[in-house]
Structures are given as structure tokens and as C-alpha cells.
Amino acid sequence: MSLSSVATITRREVRDTLSDWRIFVPIILLTFLLPLIMVRASGLVVRFVADEQLPISLVPFTALLVGFVPASFSLITALESFVGERERNSLESLLSMPISDRELYIGKLSSSLITPLLSSYIAMLVFTSMLYLFEPELYLNAIDVSRLALLFLSVGAMAVTMSPEQ
Numbered sequence: 609m610s611l612s613s614v615a616t617i618t619r620r621e622v623r624d625t626l627s628d629w630r631i632f633v634p635i636i637l638l639t640f641l642l643p644l645i646m647v648r649a650s651g652l653v654v655r656f657v658a659d660e661q662l663p664i665s666l667v668p669f670t671a672l673l674v675g676f677v678p679a680s681f682s683l684i685t686a687l688e689s690f691v692g693e694r695e696r697n698s699l700e701s702l703l704s705m706p707i708s709d710r711e712l713y714i715g716k717l718s719s720s721l722i723t724p725l726l727s728s729y730i731a732m733l734v735f736t737s738m739l740y741l742f743e744p745e746l747y748l749n750a751i752d753v754s755r756l757a758l759l760f761l762s763v764g765a766m767a768v769t770m771s772p773e774q
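Here the working numbering is used: position 146 in the sequence shown is 754, and no number is missing along the way.
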């Protein structure tokens, strides 16, 4: 298996994904706007309920939600990866390239995971940063490094299991 072929396919697919505004705009909005909305909503809910224990369960759940929504784009990017080849009439030329089916599959699979996972991790970092800046009492009550690491790993696992190319 040639890693250069896999890397070439991955780069091409990531470039195609990011050049399609129907995928790019929602990913950007979900990466940067959703965390800000969820920080504000979390603060409002905690102040409305007035329970000191609520941030311990609410904030990690909200961070997981903020990471999960952009990760769900792995399904869309994986489907677009093959359907887009068919729509652009480039599937036949792709299949006639001197690469194995395995290299093609791994290249397409990795490209369908890179963008959503990166978007999810950035969204969770934006969420925790905005939570620290705008709602420090929630951040200090609910976030620690072990929980944050667990959230990152669980979002990655969800994105991998949601990909239909397995």
C-alpha cells in the first residue's frame, strides 16, 4: 500500500469538501457560532434553575453536544465523497488510476473524517474558552482536564463509528 497515493486522494477530497459552500458554511457556523450560543444558553439555564450541582452535569453534556454536531458531518462528507465523483463524472477516471481499492478506500475514509473531527475539536475548544471567558463560575465548577480529554476521545469515537464506509 502506497501512503503517497492515500495522501494524494485525501488532500484532493479535503480540498473538494472545503471548496463546496454547502458543506463549508455549515461547518464554519457549527464550529464557531454553536459554541457561543450554547455558552449563553448554559449560563441562562443554570441561573434560572439556581442549582449549584447543575453545572457538573450540564456543562460536560453541552460540550459533548457542541462536539457531536460538527462530527455528524462525517456522514455527509463520506457520502459526498463518492456521490460527488459520480456527479462530476470523475468516478471512472478515479477507478482506472493505478491504485488499489484499499488505497482509494483509506484515502476517502480519512478525508471524510479529517474535516469533521477537526471542526469538532475546534468547536469544543471554542466552547471551553468562551465558557472560561464569559461564564467562569460554570467553567470552574464543571470542567477539569480529565473530563475534557474524555470528551475529545468520545467525539472522535462517535465520528469514526458514524462513518458509513466501514
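Glycine included, every Cβ here is placed at the ideal spot set by N, Cα and C.
**Asked** Would E711 be called buried (16 or more neighbouring beta carbons within 10 Å of its own) or exposed?
**Response** buried
**Asked** Under 9 Å, do P706 and A767 count as touching if we go by C-beta distance?
**Response** no
**Message:** What does the alpha-carbon distance come out to for the pair E745 and S612?
**Reply:** 48 Å
**Asked** Helix, strand or coil for S701 per DSSP?
**Response** helix
**Enclosing alpha helix (DSSP H) for T738 [first to last residue]** = In the sequence as presented, Thr is not what sits at residue 738; that position holds Met. Counting along the chain, the alpha helix (DSSP H) containing M738 begins and ends at 709-742.
**Request:** May I ask you to check if the CB of L746 is nearer than 8 Å to at least one heavy atom of the ligand ADP?
**Result:** With respect to the ligand ADP, the structure shown offers nothing to examine, as it has no ligands at all.
**Asked** Buried or exposed: which applies to V753, given that a residue is buried once 16 or more other Cβ atoms fall within 10 Å of its Cβ?
**Response** exposed
**Request:** Starting from E693, follow the alpha helix (DSSP H) in both directions and report where the run begins and ends.
**Result:** 681-695
**Asked** If you check the beta carbons only, do I631 and T670 fall under 9 Å apart?
**Response** no
**Item:** Whether V763 touches Y740 by CB criterion (9 Å)
**Value:** no
**For T616 and V677, the rounded distance between their alpha carbons** = 28 Å
**Item:** Closest Cα partner of W629 within the set E688, L717, E700
**Value:** E688
**Request:** Would you grab the beta carbon distance between S727 and I635 for me? Rounded to a whole angstrom, and I think it's under 8 Å.
**Result:** 5 Å
**Request:** Compute the distance between the beta-carbons of F760 and G675, then report whether it is under 9 Å.
**Result:** yes
**Distance between beta carbons of S627 and S682, contact taken as under 8 Å** = Contact flag wrong, Cβ pair sits at about 18 Å.
**Request:** Could you tell me whether the stretch 731-739 touches the stretch 640-660, using the rule of 3 or more Cβ pairs below 8 Å?
**Result:** yes
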